[in-house]
Structure formats: structure tokens, C-alpha cells
Amino acid sequence: MVNIRNILNLYNYFDSIIITDDEGIIQYYANMRTDIFDLKRNDIIGSSILDIHPYLTEETSSIMRVLKDGKPIYDQVEYLTTKHGQEMTNLYSTLPIIDNGKIIGAIDLARCIEENERQNIVLAANNNEENIGLYNIDDIITKSESMKEVKSKIIKVANTDSPVLIYGETGTGKELVAQALHTYSYRNKSRFIAQNCAAIPHNMLESILFGSVKGSYTGAENRKGLFEVANGGTLFLDEVNSMDLNMQSKLLRAIENKNIIRIGGTEPIPVDVRIIATLNEPPLECIENNKLREDLFFRLTVVQIDVPPLRERVPDILYLTEYFISMYNQKMNKNVEGITDEVRNIFLNYNWPGNVRELKNVIEGAFNIIGSRYIKLKDLPPYLVESVQKYMIEFEIEEENVSLYEKVERYEKQLLIETLNSTTTFAEAADKLKISKQSLDYKLKKYNLK
1 MVNIRNILNL YNYFDSIIIT DDEGIIQYYA NMRTDIFDLK RNDIIGSSIL DIHPYLTEET
61 SSIMRVLKDG KPIYDQVEYL TTKHGQEMTN LYSTLPIIDN GKIIGAIDLA RCIEENERQN
121 IVLAANNNEE NIGLYNIDDI ITKSESMKEV KSKIIKVANT DSPVLIYGET GTGKELVAQA
181 LHTYSYRNKS RFIAQNCAAI PHNMLESILF GSVKGSYTGA ENRKGLFEVA NGGTLFLDEV
241 NSMDLNMQSK LLRAIENKNI IRIGGTEPIP VDVRIIATLN EPPLECIENN KLREDLFFRL
301 TVVQIDVPPL RERVPDILYL TEYFISMYNQ KMNKNVEGIT DEVRNIFLNY NWPGNVRELK
361 NVIEGAFNII GSRYIKLKDL PPYLVESVQK YMIEFEIEEE NVSLYEKVER YEKQLLIETL
421 NSTTTFAEAA DKLKISKQSL DYKLKKYNLK
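Residue 428 in UniProt numbering sits at position 428 of the sequence shown, with consecutive numbering throughout.
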């Protein structure tokens, strides 16, 4: 459990301390920068963190994310606007408060970064001049045909300068694909700069991307934006659909003209960057719901890469499970050999809404509490087991009202899944099922298992 007494002794270092309960309701607040923030303790105690900062959502609030997954967040950069309209950069860490294995709250510790420190902090957060630690195409671990097609497309388009739009659900590995595009390209000696558009308030995104001229607004200094920082390399804009439509038009203009104008400036600055953007919602839905400009979509989708969800990559479920077990054996100095048949059945029947990231987190969580050489049901998160059990009960009830043909199809699909996960090649799977490779290919496409 977080030692609150020790945390509160850090007043001299942090400018803001917030403690919430397990629902994000503020229980404690200390503010050492009343010259900047006008939040008063009595006004916010008992309020939700999302009400205090209305531009935040459950997905973008570090407190809400920590309450959800229990994982601490360290030394992250965020951007705020003060009561005087001044832009500020915060460096913050958010930690879960855990009691007897249960998350009972979170604590957020923030320090304001002054303007003279700001550029260095932003660049440090994004700096990858030598691309140390970036993923490459060999880091895309897969047995599924759909992901092999993604890898093939990366190789084909990596050395062009065309914009790329990557669509995929949360947790499918969109940034992995983006980094692989960069490291496989001729730009790999230059910077890969990543920015999550959802993590920055709308009124600050323009200065972050395009930079500013001294005096253009309160506290503004001559500062490069991320377009200039990424010059010669790749600019990765994650969740571009979270950007407001006005800002999207400015982004489109920068991509079309291959130059930017800093806020308060008049002279265009040429930039040579490759744009890679992502969407976590279907593109046409984003357009229909006014989350994405149609003209920006057409400009970005010169190349489109769709990353399939894990539930459509059935061969990868157990393959990635083995990979993550091997990875955490090395990281945590353990000797886990695999999963039990019960866990295997759960994994194959679960929908994996959080995709590969969720599978990785489930394996990591099991490693923290495992007491044997095999991951068992008791090592899995209760929500996962309950979800599958609920599905199986509903499936059994539904079975009473389905036709023989539907029952045969369900059995055939399950048999295909089990065979794919017990063999290493399609030829071996076809041989085990005693059917031709052409028949196997047809059935895999029919059940969306390829």
C-alpha cells in the first residue's frame, strides 16, 4: 500500500497532490501554486476528478486509468492552461493505493515546469534521435495470415513518403506497426516522434505541433513544434480522431503544403516529415460522427493499414501466450511452463476486448501471483473467467433453439481453432483434419480464422 505519510512529506518537490477514492472522487488536495491554479481545497473535495478537469475523459485521465488497471504511471508530461490563460507543462506521476490486494484509490503528484524548462521536457519525452528501443518488423509476433499481410504491407510501403492511416481497436498494436514502418524505412536514422492527440487539451495542441513565436500569447517563447523536431523523420499522431475539426484542417494544410507556421509567426517553415496517424474507431463512423474531417481522411488514407483484433487472429492467442510466458520468465526470473487446459479453453473462448495488450497484462498479472509451473484459473482476473462462464451459459441456453446446421458449424469452428493451436503449419493442420489444404483455406476464411 502507498505510504501516505511519506508521500505528503514531499511538499517541497511537488506543486500539486491529489488523492482520490476508487471512483475518482477527490478525498485530499494540496496546491502549492495558487499563483497559477485557482482550485480551492474546499471547492473540490468530494468532486470527481473528471468534473474538476472537464477536458479529461476516463481514457485520458491518469487517475481513472490507474484506478482501472492498477498500474502506476511515472514521469508523464501533460499540458494545462492556467487561470491567466498561460500554457503550462506539468510533469506528473500517478500511483494506485492498494489495500489487501484491492485498489482503494489513487494519488497524483505533479510538478509545474517553467517556460525555460519546457522545451527540454517536451523534447526529452519525445526524443528518440537514435531510435533506441523502437520496435521493428520482427517484433510483430504472429501466426495468423491477417497479421502476416500487415507485415507484408509494411515492407511494401515503408520506403515511400506517403501518409499512412492505421486503424485498429485499442490494444491491437497500432504503435508497434507505426514504429516498424519507421525502422524499416530510409528515415530510420532520423527521429520518430509520437504524440497522443487525446492527451493534450485542444487549445494547446496547435502550439505543441507547430511551435510558437515569443509574445504570441501570455508566456509564449520561441519554440519549435513537433513538426520541426521530427524534420527528416516520422511524426506519429495517435488517436487523430480526438483532435477537434478546426485543428484537423490546420493539420491537413501542413501535410498538403509541407510547411508550418508557428503561432504568432508569419513565415512558412518547410518541413520534411512522414505522417503516420491512427484511429481507434472505424474511419467511416468517425466521419459520420464528426470526429474526423472527410478531406483529412482522404489525405491520410493514401496508405491504410487495418490491424485486426485478437479475436479475429485465433492462431495468435496461444502463440502470443507462449511468447509472453517466455518474456516474463526472463523478466521475473521464473520458470512457468505454460497454461492448464482450463485456462486454454478460457483464452480461446474469451472475446479479448483489450486485444494483445489485455492478453499481455493478464499473463503479467498471473506471474505476480502464480504458485506453480502452470497458469491456472485462480491466477486469472475474475472478470475474465466470469465473462467466459456467462457466455458459455448463454451459449448453452441458445443451443436449445438452434438448428442442427448451426450446431455443426459451431463444432466445426471450435475444432478448427483447437487444431490450429496444436499445429505449426496449415499443411500439418490439414493433414491432421484429413482434408485438403484448399478445403482448410476455405473453412478458415468462412469462419474468419485466417
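Backbone N, C-alpha and C fix where the C-beta goes; we use that ideal spot for every residue, glycine too.
Per-residue burial, L165 [other beta carbons within 10 Å of its own, 16 or more giving buried]: buried
Would you call the segment 328-348 and the segment 293-309 touching, i.e. three or more CB-CB distances under 8 Å? no
Rounded to the nearest angstrom, how far is the Cβ of E228 from that of V271, given a contact under 8 Å? 6 Å
Assuming D316 and T142 form a contact by the criterion Cβ under 8 Å, report the distance between their Cβ atoms to the nearest whole angstrom. 5 Å
To which residues does DSSP link N270 through a beta bridge? The sequence shown places Pro at residue 270, rather than the Asn named in the question. DSSP, once it has assigned bridges, lists N259 as partnering P270.
For L95, the residue or residues it bridges with in DSSP: I107
When DSSP labels each residue in this structure, what does S249 get in the three-state scheme? helix
With a threshold of 6 Å on Cβ separation, who are the neighbours of S249 within its own chain once the five nearest residues in sequence on each side are excluded? none
May I ask you to report which of helix, strand or coil DSSP gives I208? helix
Would you identify the three-state DSSP class for N128, choosing helix, strand or coil? No answer about N128 holds up, because its pLDDT of 45 lies below 50 and its placement is not dependable.
For Q119, name the three-state secondary structure that DSSP assigns. Low confidence applies here, because Q119 scores a pLDDT of 49, under 50, leaving its location unreliable; read the following figure in that light. Note: Q119 maps to helix in three-state DSSP.
To which residues does DSSP link S47 through a beta bridge? Partner(s): none; S47 has no beta bridge.
Reducing DSSP to helix, strand and coil, say where E396 ends up. Here E396 scores only 48 on pLDDT, less than 50, and its place in the model is too uncertain to base an answer on.
I44 to V66 span [Cα, whole Å]: 20 Å
Since D295 is in the beta strand (DSSP E), which residue starts that stretch and which ends it? Careful: D295 lies outside any beta strand (DSSP E), inside the alpha helix (DSSP H) at E294 to L300.
Helix, strand or coil for Q438, going by three-state DSSP, please let me know. helix
What does a CB cutoff of less than 7 Å around V388 pick up in its chain, not counting 5 residues either side in sequence? I346, N349 and Y350
With DSSP run on the structure shown, which of helix, strand or coil describes Y167? strand
Would you check if the segment 224-242 and the segment 190-207 touch, i.e. whether three or more CB-CB distances between them fall below 8 Å? yes
Rounded straight-line distance, which links the Cα of K331 to that of N361: 14 Å
Kindly indicate which residue of G168, I261, S162 and T340 has the alpha-carbon position closest to the one of V150. G168
Ends of the alpha helix (DSSP H) at F192? Taken as a continuous stretch (DSSP letters only), F192 belongs to no alpha helix (DSSP H), being part of the beta strand (DSSP E) at F192 to N196.
For the beta strand (DSSP E) that S16 lies in, which residues bound it at each end? S16 to D21
Bounding residues of the alpha helix (DSSP H) (the contiguous stretch that carries L181): K174 to T183
Would the beta-carbon of I255 fall within 9 Å of that of L300? yes
Would you call P282 buried or exposed, if buried means 16 or more other Cβ atoms sit within 10 Å of its Cβ? exposed
Taking the continuous beta strand (DSSP E) assigned at D238, which residues delimit it? T234 to D238
Can you tell me whether I26 is buried or exposed, with buried defined as 16 or more other CB within 10 angstroms of its CB? buried
Endpoints, beta strand (DSSP E) assigned at V343: Not the beta strand (DSSP E): V343 falls in the alpha helix (DSSP H), residues D341 to N349.
Excluding five sequence neighbours on each side, which residues of the same chain lie with their C-beta closer than 6 Å to the C-beta of R262? F210, G211, S212 and V213
Please confirm if the segment 413-426 is in contact with the segment 375-382, defined as three or more CB-CB distances below 8 Å between the two stretches. no
A110: which of I19, N136 and K224 sits nearest, CA to CA? I19
Quick one: what does DSSP say G338 is sitting in, helix, strand or coil? strand
Which same chain residues end up closer than 7 Å to C286 when comparing Cβ atoms and leaving out the 5 residues on each side of it in sequence? N241, L279 and L292
DSSP state of N448 mapped onto helix, strand, coil: coil
Which whole-angstrom value describes the C-beta separation of I140 and A180, a residue pair presumed to lie in contact below a C-beta threshold of 8 Å? 6 Å
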